[in-house]
Amino acid sequence: MTNVSIRGLSKRFGGKSPTVAIDNLDLEVGQGEFVVLLGPSGCGKTTTLRCIAGLESPESGRVCFGERPVYDAAAGINVGAHKRNIGMVFQSYALWPHMTVRKNIGYPLRTRRIKRAIASEWIEEVARLVDCGPLLDRYPTQLSGGQQQRVALSRGLVARPDLVLFDEPLSNLDARLRDQVRTEIHELHQRLKFTAVYVTHDQSEALALGDRLAIMRDGRIDQLATPEEVFENPATEYVAEFIGMANRLQLDRRDGHWVYGGHAVHGCPTVASDEMAARARPEDLHLAPASENAPEDAVWFPATVVASEFGGRYIDVVISIGDERLHSRLPAGERGNWARSLLPGDPLLGFFPAGTLTFFDNTATRIPTRGSSTAARMAIGA
Amino acid sequence: MAADAVSVGMRPRRRRVTRARIGTAVAVGAFTAGLGYLTVVPLVRLQALAFEDRGQGFVDAFTRPGIWTTIRMTIALALGSLAIALVFGTALAWAANSLSPRLRPLRALPILPIVVPAIASVLGWGFLFSPRPGYLNALLRHLPWWTDIDQGPINIYSLPWIIIITGLALAAFVYLFVSASLESINGELIEAAQVSGSSRAGVFFRVTLPLLRPALVYGGGVALLLGLGQFTAPLLLGRTQGVSVLTTEMYFATKQEPAQYALAAALGSPLLLFGVGVLVLQRVLLGDHARFVTHGSKGFRPAARSSRLGAVAILLYTLFATVLPIVALVIVALSTWWTGDIVPSTFTLDNFRNVIETSGITSAIRTSLIVSVIAVGIALPVGFIAASILYRRREHRLMGPVLDFIVAMPLSIPAVIFGLGFLLTYTQGPVVLYGTNWVMILVYVTLMLPFSTRMQLSGRVALGDAYIEASRVSGAGPVRTNLSILAPLMRPTFGAAAALMFVLLANEFTASLLVRSPTVQVMGTVLFDTYDNGLYPVVACVALIMILVTALGVLLAVLLSGSDAFRRL
Chain X
1 MTNVSIRGLS KRFGGKSPTV AIDNLDLEVG QGEFVVLLGP SGCGKTTTLR CIAGLESPES
61 GRVCFGERPV YDAAAGINVG AHKRNIGMVF QSYALWPHMT VRKNIGYPLR TRRIKRAIAS
121 EWIEEVARLV DCGPLLDRYP TQLSGGQQQR VALSRGLVAR PDLVLFDEPL SNLDARLRDQ
181 VRTEIHELHQ RLKFTAVYVT HDQSEALALG DRLAIMRDGR IDQLATPEEV FENPATEYVA
241 EFIGMANRLQ LDRRDGHWVY GGHAVHGCPT VASDEMAARA RPEDLHLAPA SENAPEDAVW
301 FPATVVASEF GGRYIDVVIS IGDERLHSRL PAGERGNWAR SLLPGDPLLG FFPAGTLTFF
361 DNTATRIPTR GSSTAARMAI GA
Chain G
1 MAADAVSVGM RPRRRRVTRA RIGTAVAVGA FTAGLGYLTV VPLVRLQALA FEDRGQGFVD
61 AFTRPGIWTT IRMTIALALG SLAIALVFGT ALAWAANSLS PRLRPLRALP ILPIVVPAIA
121 SVLGWGFLFS PRPGYLNALL RHLPWWTDID QGPINIYSLP WIIIITGLAL AAFVYLFVSA
181 SLESINGELI EAAQVSGSSR AGVFFRVTLP LLRPALVYGG GVALLLGLGQ FTAPLLLGRT
241 QGVSVLTTEM YFATKQEPAQ YALAAALGSP LLLFGVGVLV LQRVLLGDHA RFVTHGSKGF
301 RPAARSSRLG AVAILLYTLF ATVLPIVALV IVALSTWWTG DIVPSTFTLD NFRNVIETSG
361 ITSAIRTSLI VSVIAVGIAL PVGFIAASIL YRRREHRLMG PVLDFIVAMP LSIPAVIFGL
421 GFLLTYTQGP VVLYGTNWVM ILVYVTLMLP FSTRMQLSGR VALGDAYIEA SRVSGAGPVR
481 TNLSILAPLM RPTFGAAAAL MFVLLANEFT ASLLVRSPTV QVMGTVLFDT YDNGLYPVVA
541 CVALIMILVT ALGVLLAVLL SGSDAFRRL
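Line by line, the protein sequences are chains X and G. The opening position of the first sequence corresponds to residue 1 in the numbering used here, with each subsequent residue numbered one higher. The opening position of the second sequence corresponds to residue 1 in the numbering used here, with each subsequent residue numbered one higher.
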């Protein structure tokens with residue numbers, strides 16, 4: 001086990017339209033920590049992982065495992081992938097089809113010249129950990145997708161490497177298996193405490209697994225924080241959108257009122273600038289009959305139903321405010337519930353309860369308000 | 001200051017990184033230079049010879065009587081056979097694609113003309129359609145409207161018929177490219193056109209054909225080059241009626257007393273120039289893209305519904321292009337004389353006994369086998385290295401394209417020219433190899449470079465990077481990764497490439513005829529000599545033996561890598 005320290009890492013891809021894959025990236029991964037690199041495709045997360053693995057050569061910067069530099073542009077150090085003492089789990093599993101499961105798992109031990117007797121003990125042990133004991137003498141093609149990924153997992157862990165890298169290991173599995181293997185990875189990490197860097201574009205995977213998340217954009221890290229912090233207090237609008245705050249209200253101040261879609265929005269916080277954006281999750285947009293009043297401290301506005309879809313436990317409602325649309329997800333409740341009777345054209349009241357909206361200034365940076373701890377303190381100060 | 005101290009202290013390490021890179025670059029450069037020496041030097045020497053004495057070779061070549069007829073016939077042969085090959089090749093690919101799953105194995109049949117020795121099938125055609133004793137001609141003369149003629153109606157020795165049989169043979173190459181491309185068209189594209197209101201013909205011309213264009217251009221290009229370099233059919237069939245093309249004129253120039261090498265070299269120049277031109281054009285137009293045939297991934301549905309017509313078309317083509325010529329060879333080989341009448345009661349195996357005892361065929365078979373096996377043994381690892389370099393061509397900006405060009409050359413420059421170049425290069429210093437097996441081996445290795453490299457490169461591309469990277473992050477260095485992961489995974493490709501090359505080399509006739517010496521004879525050259533002496537039943541025996549040896553190679557290939565072995569060309 002070791003910690004990983006990345007400083008000023010940069011990588012460009014040449015060709016006809018050169019692109020910056022990693023842009024002066026800094027990242028510290030503590031010993032035994034599980035860090036998830038999260039972002040959409042093309043944000044540089046996989047390239048970063050491959051640079052840590054030594055499968056890709058960066059152009060500048062420095063990567064250290066503990067005290068040992070494995071890449072240092074200034075010093076001309078670039079340790080080969082096979083000498084970095086790591087384990088890696090690939091998206092495509094990459095199990096060698098000409099070897100049995102036992103040989104696949106044992107390969108990292110053979111390359112490390114570990115004695116046969118010890119090796120076979122370690123293989124059995126790690127296979128038992130992921131429930132693959134009975135599969136050891138089969139070939140990879142005889143296994144299901146979930147079994148293959150478990151074998152790949154044991155191959156990554158068997159040699160007790162300093163660092164385990166995961167490159168979207170669950171995205172080839174179907175939904176049910178994905179949850180199952182995700183839980184197993186989480187358990188294994190709890191038990192073995194290996195240092196891990198995990199790449200994914202799936203926010204629920206990231207939230208469930210990571211000790212800390214690094215949300216990446218254009219080769220940089222937008223926010224690096226615990227899952228709770230990222231989920232509740234996204235640092236930038238980009239992070240907010242990526243983490244599921246799909247509703248966006250572009251607010252402009254006219255004559256002392258905040259306006260969205262040509263209509264007044266009440267209950268917004270006091271800020272200095274004349275424009276800002278607000279974001280919230282569909283679950284946080286509540287609806288009520290037009291005759292009711294919004295709860296205290298809520299941000300509210302009158303709106304009209306555009307469409308309503310029944311989704312079992314919940315109802316998805318699209319509402320309009322002027323020309324703009326917002327998406328609300330309401331609990332379906334009992335039969336005869338008010339929410340189930342909504343028809344297109346019905347007028348109603350939309351509101352965000354206190355603290356559910358996150359506000360961003362025109363540089364897309366979060367404006368501290370009520371709901372976040374700093375905002376509370378500021379409110380007291382005021 | 002501290003930063004300065006660190007960077008000064010670390011400087012030697014940076015040098016180490018660059019030194020490793022330079023080492024790789026030097027190794028790649030040396031490999032490319034070696035291959036370049038092997039392939040380019042003979043061609044350069046050939047051209048230098050044509051330019052000697054103020055281009056006397058060119059003067060002789062292009063002022064001699066009949067040269068323009070020769071050039072006209074060369075172009076007619078190339079374009080005529082190209083047209084036939086494109087139509088038949090595309091039709092066959094279409095037919096193969098519409099086979100029902102049960103009849104799928106028939107897809108391998110249209111490739112047979114590539115596998116059966118060209119010299120054997122050309123002789124077979126001769127036995128079928130020679131004006132007087134040709135078996136099928138004799139049969140056709142029984143038709144009521146032809147009873148009054150005593151020869152014909154088909155004259156296989158005339159230019160149109162030489163074009164037709166060449167075109168039928170080249171159709172196999174077009175088939176190879178087009179059928180691969182046709183298979184990769186997603187059936188939903190066809191269905192989308194149908195539900196949009198197109199008729200079946202409309203779909204074919206508006207959707208399918210445009211999608212096939214890259215394959216048609218590429219396959220057509222290959223067929224055109226092969227048609228221009230066509231040697232066997234005009235040599236064996238064209239002589240009696242004055243059909244001559246540049247390649248045969250080159251060969252006859254070397255057979256004059258004294259041998260007119262400068263003349264031969266000059267006659268080859270237009271073909272050489274055209275071949276290199278096509279190659280350059282192709283690299284400029286297509287870049288790297290044409291190399292890799294992509295396959296639809298998700299939601300892929302094969303196109304076309306099954307029809308019996310496809311099977312009939314494929315069987316008919318196989319009957320005419322492959323089966324009938326071989327049947328003719330068998331009949332002649334079993335007869336005492338080639339007359340045109342088939343009298344089974346007089347069939348005898350004496351010819352075979354005769355051949356094995358006298359004509360030197362046994363030693364030629366041995367030489368063919370030895371030379372082919374050694375050449376495959378060299379071409380396979382050389383192709384593997386070339387494929388590995390081309391696979392990482394991004395890292396070899398300078399040498400990658402050069403190597404790509406060198407490796408592709410033997411496919412676009414006629415084998416006659418390579419044969420002549422090697423003959424000239426290795427009969428004089430610094431390295432004299434004429435009269436040994438080694439000239440033959442070297443020319444064989446050169447001719448196989450494109451096949452060896454192409455097949456292994458596409459095998460490597462299909463394998464992808466994940467297996468190799470998984471090995472590296474598991475702690476395996478390059479040597480272990482190559483031996484324990486890459487080599488076992490590539491084994492089917494190695495097997496298929498080796499078997500294919502063996503078959504092509506056992507069949508080799510053109511280049512062999514030029515570099516052979518009285519002591520170094522292979523099956524093809526012995527066959528040609530017996531044909532020259534006019535002992536037709538003996539010729540047929542030798543041809544059948546050649547086919548048999550080839551068939552064993554094919555069997556080996558199928559055993560090693562399944563019935564699709566030859567579709568990976």
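All C-beta atoms, glycine included, are put in the ideal place defined by N, C-alpha and C.
Can you tell me which of the three DSSP states residue i falls into?
i        : result
G/Leu442 : helix
X/Asn78  : strand
X/Pro97  : coil
G/Met490 : helix
G/Phe274 : helix
X/Arg340 : helix
G/Val280 : helix
X/Tyr139 : coil
X/Trp258 : strand
X/Cys132 : coil
G/Ile374 : helix
G/Gly553 : helix
Consider the Cβ of residue i: report whether some Cβ of chain X lies at a distance smaller than 7 Å.
i        : result
G/Pro537 : no
G/Gly459 : no
G/Pro488 : yes
G/Tyr467 : yes
G/Arg291 : For G/Arg291, the predicted model reports a pLDDT of 44, less than 50, meaning its position is unreliable; a value from the coordinates is still stated below. Not an interface residue.
Can you pull the chain X neighbours of residue i, defined as C-beta to C-beta under 7 Å?
i        : result
G/Ser485 : It is worth fixing the name first, because residue 485 of chain G is Ile in this sequence and not Ser. Those within 7 Å of G/Ile485 in chain X are Trp96.
G/Gly477 : His82
G/Arg480 : Thr111
Name the chain G residues that come within less than 7 Å of residue i, Cβ to Cβ?
i       : result
X/Ala81 : Arg472, Val473
Compare the C-beta of residue i with all C-beta atoms of chain G and state if any pair is closer than 7 Å.
i        : result
X/Arg102 : no
X/Ala175 : no
X/Tyr314 : no
X/Met1   : no
X/Arg112 : yes
X/Ser372 : Confidence at X/Ser372 is low in this model, with a pLDDT of 43, below 50, so the placement of that residue should be treated as unreliable; the coordinate-derived value is given next. X/Ser372 does not count as touching chain G.
X/Pro108 : yes
X/Ile391 : Chain X is shown only over 1 to 382; residue 391 of chain X falls outside these bounds and no answer can be derived.
X/Phe166 : no
X/Ser92  : yes
Here's the rule: buried if 16 or more other CB atoms are within 10 angstroms of the residue's CB, otherwise exposed. What is residue i?
i        : result
G/Tyr37  : exposed
X/Arg84  : buried
X/Ile315 : buried
X/His189 : buried
For residue i, which residues in chain X fall below 8 Å Cβ to Cβ?
i        : result
G/Leu560 : Residues of chain X passing the Cβ test: none, with the nearest at roughly 15 Å.
Going by C-alpha distance, which of the options is nearest residue i?
i        : options                                : result
G/Ser158 : G/Ala96, G/Met448, G/Glu183, G/Val243  : G/Val243
X/Ala175 : X/Val151, X/Gly133, X/Gly262, X/Glu205 : X/Glu205
G/Gly310 : G/Leu279, G/Val439, G/Ser179, G/Ala253 : G/Ser179
G/Ser452 : G/Leu143, G/Thr147, G/Phe509, G/Val503 : G/Val503
G/Arg366 : G/Ala496, G/Asn437, G/Phe405, G/Phe418 : G/Asn437
X/Lys115 : X/Ala94, X/Ser154, X/Ala159            : X/Ala159
G/Leu224 : G/Ala333, G/Pro414, G/Ser198, G/Gly187 : G/Pro414
X/Gly42  : X/Leu224, X/Pro227, X/Ile215           : X/Ile215
G/Gly575 : G/Pro42, G/Ala27, G/Arg64              : Shown here, chain G extends from 1 to 569; a query on residue 575 of chain G therefore has no answer.
G/Thr254 : G/Pro518, G/Leu514, G/Ala557           : G/Leu514
G/Gly268 : G/Pro258, G/Phe252, G/Val280, G/Leu281 : G/Phe252
Quick one: which chain G residues come within Cβ less than 9 Å of residue i?
i        : result
X/Ala280 : Within chain G, no residue comes near X/Ala280; the closest Cβ sits about 35 Å away, beyond 9 Å.
X/Leu55  : Asp465, Glu469, Arg472, Val473
X/Arg155 : Ala470, Ser474
Members of the region 208–241 of chain X that neighbour chain B once the beta carbon cut-off is set at 9 Å: Of the protein chains in the structure, X and G, none is chain B.
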